[in-house]
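Colleague: My questions will all concern the structure given below.
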């Protein structure tokens with residue numbers, strides 16, 4: 068006997084009732100929600116013919132490759148001649164192949180085939196049920212009664228778990244918790260998780276969620292390529308780390324408190340501060356902490372290329388499908404600094420406003436920036452960016468901890484330096500500057516040894532390296548000032564308080 072979950076049962080009832088009122092019935096849903104299962108259930112109760120992709124392939128075997136429309140028509144009309152009721156499953160397979168390719172020479176011809184099939188069903192007073200993922204000729208869609216399999220609920224998850232592992236074992240799992248963690252799974256994904264875990268014996272809710280976290284959720288970041296960092300290893304930014312833990316990490320990782328209190332991550336977060344202050348490092352830490360819930364947009368997304376907007380849109384859609392999640396836009400100010408990237412600006416406005424809706428409210432967009440003047444004011448206004456976090460320069464104590472961390476594991480001849488003098492020489496340095504300082508000091512020490520020079524006091528290497536780093540910082544500041552003073556070919560930069568032609572009121 069074919070069993071249905073609540074979401075499928077609702078569509079089943081609508082279609083069954085519709086069949087008593089009309090001849091054309093349409094079932095839609097994204098892949099994996101059970102369209103075939105619903106049609107099979109109707110077929111089991113009502114009888115008739117059932118046309119599948121297998122029938123399309125067999126009918127097309129002796130036909131010309133460009134006669135897909137005739138293949139569809141032939142397979143379905145043949146079944147209509149023999150049966151009072153016909154079910155056609157996955158018609159989108161042919162519709163997509165013939166209507167989604169700009170270079171297909173018979174574009175939209177499938178409309179004619181479906182028009183004739185619907186006319187035949189109406190004329191002969193027969194019943195024609197069609198299922199699709201949404202792609203369907205308007206000539207059929209506008210003449211049919213339609214039903215859709217809606218988004219799964221926790222009750223649907225519980226029912227599917229009962230089907231796949233048995234009611235007794237499923238009762239030990241918290242379907243509500245699984246649903247809160249990953250509310251957009253389909254039946255195939257839930258079954259795959261069960262199949263993966265069952266050979267090892269009984270499994271818990273946490274094991275099920277861990278499988279989803281490690282195997283099924285689709286972050287676009289390869290963690291093997293990302294330096295592993297813990298948020299609490301960051302020095303001198305305790306207030307920033309605390310805010311991230313409260314407003315981002317907790318709502319995304321603590322399921323029980325999130326459910327009890329209705330917690331949601333902040334919709335928009337802006338991390339700002341000088342270069343080297345640790346903004347990107349926070350992204351690395353979140354990537355490892357959130358794993359499949361973390362999505363990155365960085366310099367590999369090149370504005371002006373053909374697939375730029377397509378890649379951006381895919382990240383947002385995948386993040387929504389895997390919510391709760393974080394979209395991390397690194398160096399957002401670099402994207403907007405010339406004032407010409409209006410398309411992404413408008414897209415982000417739309418996305419941030421849309422994240423208030425149910426189903427996407429647990430997606431957080433986090434941006435990093437060095438220069439706030441390059442960000443459009445409407446993008447970061449109150450309500451869109453709810454949390455502003457400043458990455459400040461580390462104080463003396465924080466610089467000491469950073470330096471000690473980088474000195475671990477290096478030769479004692481170099482690490483036994485006068486920390487107080489070195490720390491004093493790093494006033495105004497970022498964490499990245501201090502890392503560069505240690506690397507440069509190691510280079511100076513190694514060069515001296517390689518050239519046969521007398522080994523100096525360890526502190527001297529660090530002080531010389533500090534001078535070099537400070538000079539480079541000064542050159543960078545001069546270059547930045549010169550770049551800002553040059554006329555731009557696009558629009559003027561954004562300045563807070565200055566009206567912009569297209570900004571929201």
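Residue numbers (this note's numbering): 68 to 572. All residues carry an ideal CB built from backbone N, CA and C; glycine is no exception.
Rounding to the nearest angstrom, what Cα-Cα distance links residue 451 and residue 412 in this structure?
Modeller: If I take the Cα positions, the gap works out to 13 Å.
Colleague: Please look up how many angstroms separate the CB atoms of residue 243 and residue 226, rounded, as I've assumed it's under 8 Å.
Modeller: That pair is no contact at about 13 Å.
Colleague: What is the DSSP secondary structure of residue 431, reduced to helix, strand or coil?
Modeller: Three-state result, residue 431: strand.
Colleague: Report the start-end ranges of each alpha helix (DSSP H) in the region 454 to 514 that is 4 residues or longer and not cut off at the edges.
Modeller: Entirely contained in the region 454 to 514, the alpha helix (DSSP H) runs reaching 4 residues are, in chain order, 463 to 474, 479 to 482 and 486 to 492.
Colleague: If you run the structure through DSSP and keep just helix, strand and coil, what is residue 194?
Modeller: DSSP places residue 194 in strand when its eight states are reduced to three.
Colleague: Using the Cα positions of residue 229 and residue 236, report the straight-line distance between them to the nearest angstrom.
Modeller: Cα to Cα, the separation comes out at about 8 Å.
Colleague: Quick one: Cα of residue 404 to Cα of residue 443, how far?
Modeller: If I take the Cα positions, the gap works out to 9 Å.
Colleague: Can you name, in chain order, every residue of its own chain whose Cβ lies under 7 Å from the Cβ of residue 322, other than the five neighbours on each side?
Modeller: Answer for residue 322: 244, 247 and 248, listed in chain order.
Colleague: According to DSSP, is residue 133 part of a helix, a strand, or is it coil?
Modeller: Here residue 133 sits in coil by DSSP.
Colleague: Among 512, 519, 506 and 500, which has the Cα closest to the Cα of residue 540?
Modeller: Closest by alpha carbon: 500.
Colleague: Would you call residue 514 buried or exposed, if buried means 16 or more other Cβ atoms sit within 10 Å of its Cβ?
Modeller: Answer is exposed; the Cβ neighbour count stays below 16.
Colleague: Could you spell out where the alpha helix (DSSP H) holding residue 248 opens and where it closes?
Modeller: Looking at the DSSP string, the run of the alpha helix (DSSP H) that includes residue 248 is 242 to 248.
Colleague: DSSP puts residue 214 in a beta bridge; with which residues?
Modeller: In DSSP, residue 214 forms a bridge with 94.
Colleague: Over the uninterrupted beta strand (DSSP E) stretch that includes residue 361, give me the two end residues.
Modeller: Counting along the chain, the beta strand (DSSP E) containing residue 361 begins and ends at 361 to 364.
Colleague: From what residue to what residue does the beta strand (DSSP E) around residue 337 run?
Modeller: Residue 337 -> beta strand (DSSP E) spans 335 to 339.
Colleague: Taking residue 118 as part of the beta strand (DSSP E), name the residues at either end of that continuous run.
Modeller: Taken as a continuous stretch (DSSP letters only), the beta strand (DSSP E) holding residue 118 covers 116 to 118.
Colleague: Going by DSSP, what residues sit across from residue 393 in a beta bridge?
Modeller: DSSP lists 361 and 431 as partners of residue 393.
Colleague: Let's see if you can read the secondary structure: which residues bound the alpha helix (DSSP H) around residue 270?
Modeller: Note, residue 270: premise wrong, no alpha helix (DSSP H); not H, not E.
Colleague: Less than 7 Å separating the beta-carbons of residue 103 and residue 123?
Modeller: For residue 103 and residue 123, no; Cβs fall outside 7 Å.
Colleague: Could you spell out where the beta strand (DSSP E) holding residue 154 opens and where it closes?
Modeller: Note, residue 154: beta strand (DSSP E), 152 to 155.
Colleague: Tell me residue 199's beta-bridge partners as DSSP assigns them.
Modeller: Looking at the DSSP assignment, residue 199 forms a beta bridge with 95.
Colleague: Once DSSP output is grouped into helix, strand and coil, what is the label at residue 238?
Modeller: Residue 238: coil per DSSP, three-state reduction.
Colleague: According to the Cβ coordinates, are residue 498 and residue 419 closer than 7 Å?
Modeller: Their beta carbons are not under 7 Å apart, which means residue 498 does not touch residue 419 by this criterion.
Colleague: Under 6 Å Cβ to Cβ from residue 120, same chain only, skipping five residues before and after it: list those, please.
Modeller: Counting only Cβ-Cβ distances below 6 Å, and skipping sequence neighbours, we find 157 and 160.
Colleague: Taking 7 Å as the cut-off, decide whether the C-beta atoms of residue 78 and residue 216 are in contact.
Modeller: Yes, these two residues count as a Cβ contact at 7 Å.
Colleague: Classify residue 357 as buried or exposed, calling it buried when 16 or more other Cβ atoms lie within 10 Å of its own Cβ.
Modeller: Burial call: buried.
Colleague: Would you tell me roughly how many angstroms separate the C-alpha atoms of residue 520 and residue 482, rounded to the nearest one?
Modeller: Each residue's Cα considered, the two are about 19 Å apart.
Colleague: Whole angstroms are fine: how far does the CA of residue 438 sit from the CA of residue 432?
Modeller: Between residue 432 and residue 438, the C-alpha separation is close to 18 Å.
Colleague: Taking the Cβ atom as the reference point for each residue, do residue 386 and residue 430 lie within a distance shorter than 7 Å?
Modeller: Yes, Cβ-Cβ distance for residue 386 and residue 430 is below 7 Å.
Colleague: Compare the C-alpha of residue 543 against each of 379, 177, 343 and 151 and name the closest.
Modeller: Ranking the options by Cα distance to residue 543, first place goes to 343.
Colleague: Residue 447: which of 417, 271, 313 and 464 sits nearest, CA to CA?
Modeller: The option with the nearest alpha carbon to residue 447 is 417.
Colleague: By how many angstroms is the C-alpha of residue 210 removed from the C-alpha of residue 191?
Modeller: The straight-line gap from Cα to Cα measures roughly 16 Å.
Colleague: Going by beta carbon distance, what residues of the same chain come within less than 6 Å of residue 11, once the five residues before and after it are set aside?
Modeller: The structure shown does not extend to residue 11, since the chain spans only 68 to 572, so no value can be given for it.
Colleague: What three-state label does DSSP hand residue 520 in the structure shown?
Modeller: Coil, per DSSP.
Colleague: Classify residue 74 as helix, strand or coil using the three-state DSSP reduction.
Modeller: The answer is helix: DSSP assigns residue 74 an H, G or I state.
Colleague: What are the boundary residues of the alpha helix (DSSP H) that includes residue 318?
Modeller: It spans 317 to 320 - the alpha helix (DSSP H) in which residue 318 sits, taken as one unbroken run.
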